[in-house]
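Have a look at the structure below, then the notes.
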Ligand code: BG6
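Numbering (the working numbering), first residue to last: 594 to 1088.
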């Protein structure tokens, strides 16, 4: 074990718990949720009594379940764990079948949980959100929700403002807002949290963090993968609901928000809410110029011929977008007139996520050559390699007058920090256990995000804007397809 994370200031708030994962044999549970609990335990953070209960809809086959899970427990960030450590965790794992939510189906779960009246029960809903209401209702009927219970909700929470509100109404029949954790795993990423430190622990940046000094902000999450095995989910969501509604809007909030009074859940969430409320809605008039949506066709991805989106999902009429670019504005004093460009797509040339802060040009060029002075840029690379770069003009050494070029000042996370980086889910699950809601969305935030998203969906609908097609394994919709007004989409983001 490389890193021993001991956060004693929070340790005293840890209480023994049972975590019940609905959709416990699903991909997310096997790949992320269960390994996250295991790795936090090994790092010494869960030094308390607990059990993990995975709810499955089919008869549980313990051997087959473990065979799927173990590879994700064994290796994390190149570190390999021993069989002994894994066995200890597997002993805490209980599989319970509950085909659909009903008091009869929850008999075994109830019997198990009632053996530990002193533990807090954490219910993790890793199922489609249509099941959230029925599960909640059944837990309540079975008397399994009390003051210390918590519920974790996976995205997507509905597919519109109305459906998201309806889900919330069902959840709040049993849980109060302070017991609800709406998870967005982007907020658990180390580099995303570093954004807060970068902004609020460095006087240098915060001074320049406004429309007077910043020309534009770009937020890009490009993926080289396609829709994998999630065709039916993805085809109902598309890139806008799958990525922009949550991950990219949350990143935008962290870039644009005012400094909170303190790093406390409601202080941070109040500031993020103000940003979401200040987002300029898209309209029928602006939608064509300020958004692009695309769908991938066949192409070569990482050297391999891959199918088109329509072939991947085997539904040849689908109009679902797999790429979105949106230019928007945060209409407040700090950000007046500064475009925020959000871009995300599947089957792009490579996987990378980054935030680029483009500073304005210097006011006057004093150098005799009058050669162009490139604007400063702060590049925050979130993945796959985590680093921060400040692009600045530098003199080229030697005689011949002032010649200069842009050079990057680099902070490479991996060089500076040798510890294993905890996965996003590790941080977030520990926060649930210790009751810290800072990195989770509050209901009013979610509503504000949906309200803005609906300005996009309704304008797309009323304008009948079509998808543009782009080849898999490329940078997405290219100059050949886009018109002049749309050049911001391609000109500003390719490395
Ligand atoms: C999920 C989306 O929330 O985030 C996926 O549903 C996407 O479609 C994934 O692939 C990206 O997460 P990450 O952490 O790999 O960037």
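Cβ coordinates follow ideal geometry from the N, Cα and C atoms, glycine included. Owing to the predicted nature of the structure, the values given are computational and were not obtained by experimental measurement.
Cut-off 6 Å between Cβ atoms - residues of its own chain near residue i, not counting five sequence neighbours on either side
i, result
"residue 600", "Caution applies to residue 600, whose pLDDT of 38 falls short of 50 and renders its modelled position unreliable; the value that the coordinates give is listed next. The answer is none, since no qualifying residue turns up."
"residue 720", "615 and 616"
"residue 661", "623"
"residue 606", "1027"
"residue 713", "608, 610 and 741"
"residue 597", "Low local confidence applies: a pLDDT of 39 at residue 597 is under 50, so the model's placement there is unreliable, with the coordinate-based value given in what follows. Here the set comprises 637."
"residue 852", "793"
"residue 913", "828 and 831"
"residue 613", "646 and 716"
"residue 785", "779"
Any non-hydrogen atom of ligand 1 closer than 7 Å to residue i Cβ
i, result
"residue 625", "no"
"residue 954", "no"
"residue 632", "no"
"residue 946", "yes"
"residue 836", "yes"
"residue 1016", "no"
"residue 763", "no"
"residue 914", "no"
"residue 659", "no"
"residue 978", "no"
"residue 814", "yes"
"residue 748", "yes"
"residue 840", "yes"
Residue range of the unbroken alpha helix (DSSP H) whose run includes residue i
i, result
"residue 849", "842-849"
"residue 659", "655-667"
"residue 608", "From DSSP, residue 608 is part of no alpha helix (DSSP H); its letter is neither H nor E."
"residue 797", "796-801"
"residue 716", "Per DSSP, residue 716 belongs to no alpha helix (DSSP H); it is in the beta strand (DSSP E), 713-718."
"residue 759", "754-764"
"residue 786", "783-793"
"residue 731", "725-734"
"residue 832", "824-832"
"residue 882", "880-883"
"residue 682", "676-683"
Residues near residue i by beta carbon distance below 8 Å, same chain, minus five either side
i, result
"residue 687", "644, 645, 646, 647 and 705"
"residue 655", "688"
"residue 854", "860"
"residue 730", "694, 763, 766 and 767"
"residue 995", "960, 961, 962 and 988"
"residue 667", "673, 674 and 679"
"residue 711", "609"
Element boundaries [beta strand (DSSP E), containing residue i]
i, result
"residue 815", "807-815"
"residue 983", "980-988"
"residue 999", "997-1005"
"residue 894", "892-894"
"residue 1012", "That residue, residue 1012, is in no beta strand (DSSP E); it is neither H nor E in DSSP."
"residue 699", "Looking at the DSSP string, residue 699 is not in any beta strand (DSSP E), and its letter there is neither H nor E."
"residue 938", "932-938"
"residue 545", "Because the chain here runs from 594 to 1088, residue 545 falls outside it and cannot be looked at."
"residue 647", "643-649"
"residue 868", "Counting along the chain, residue 868 falls outside any beta strand (DSSP E), though it belongs to the alpha helix (DSSP H) covering 858-871."
"residue 918", "916-922"
"residue 974", "970-976"
Residues near residue i by beta carbon distance below 7 Å, same chain, minus five either side
i, result
"residue 1069", "887, 916, 938, 941 and 1063"
"residue 925", "871"
"residue 923", "849, 868, 871, 872 and 933"
"residue 1003", "980 and 982"
"residue 1025", "715, 743, 745 and 774"
"residue 1037", "866"
"residue 603", "Annotation note: pLDDT 39 at residue 603 (below 50); position unreliable, no value reported."
"residue 1032", "780, 781, 1021 and 1024"
"residue 920", "883, 932, 934 and 1081"
"residue 652", "690"
"residue 900", "891"
Residue i beta carbon near ligand 2 (any heavy atom closer than 7 Å)
i, result
"residue 778", "Ligand 2 is not part of the structure shown, which contains ligand 1 as its ligands."
Taking 8 Å as the threshold, find out whether the stretch 816-824 comes into contact with the stretch 841-852 through three or more Cβ pairs.
The stretch 816-824 vs the stretch 841-852: no contact.
Evaluate the contact criterion for the stretch 797-804 versus the stretch 994-1007: three or more CB pairs, one atom per stretch, below 8 Å.
Verdict: no, contact absent.
Please determine if the stretch 759-769 and the stretch 710-728 are in contact, where contact requires at least 3 C-beta pairs separated by less than 8 Å.
Result yes; three or more Cβ-Cβ pairs closer than 8 Å.
Taking one C-beta from the stretch 1016-1032 and one from the stretch 769-788 each time, how about it: are there three or more such pairs within less than 8 Å?
Short answer: they touch.
Stretch-stretch touch, CB-based, cutoff 8 Å, three pairs: the stretch 1040-1060 with the stretch 787-799:
The stretch 1040-1060 is not in contact with the stretch 787-799.
Across the stretch 734-741 and the stretch 696-710, are there enough close Cβ pairs to call them in contact, namely three or more that are closer than 8 Å?
Enough Cβ pairs lie closer than 8 Å, so yes.
Does the stretch 805-820 come into contact with the stretch 944-957, if we say contact requires no fewer than three beta-carbon pairs (one atom in each stretch) closer than 8 Å?
Touching, per the Cβ criterion.
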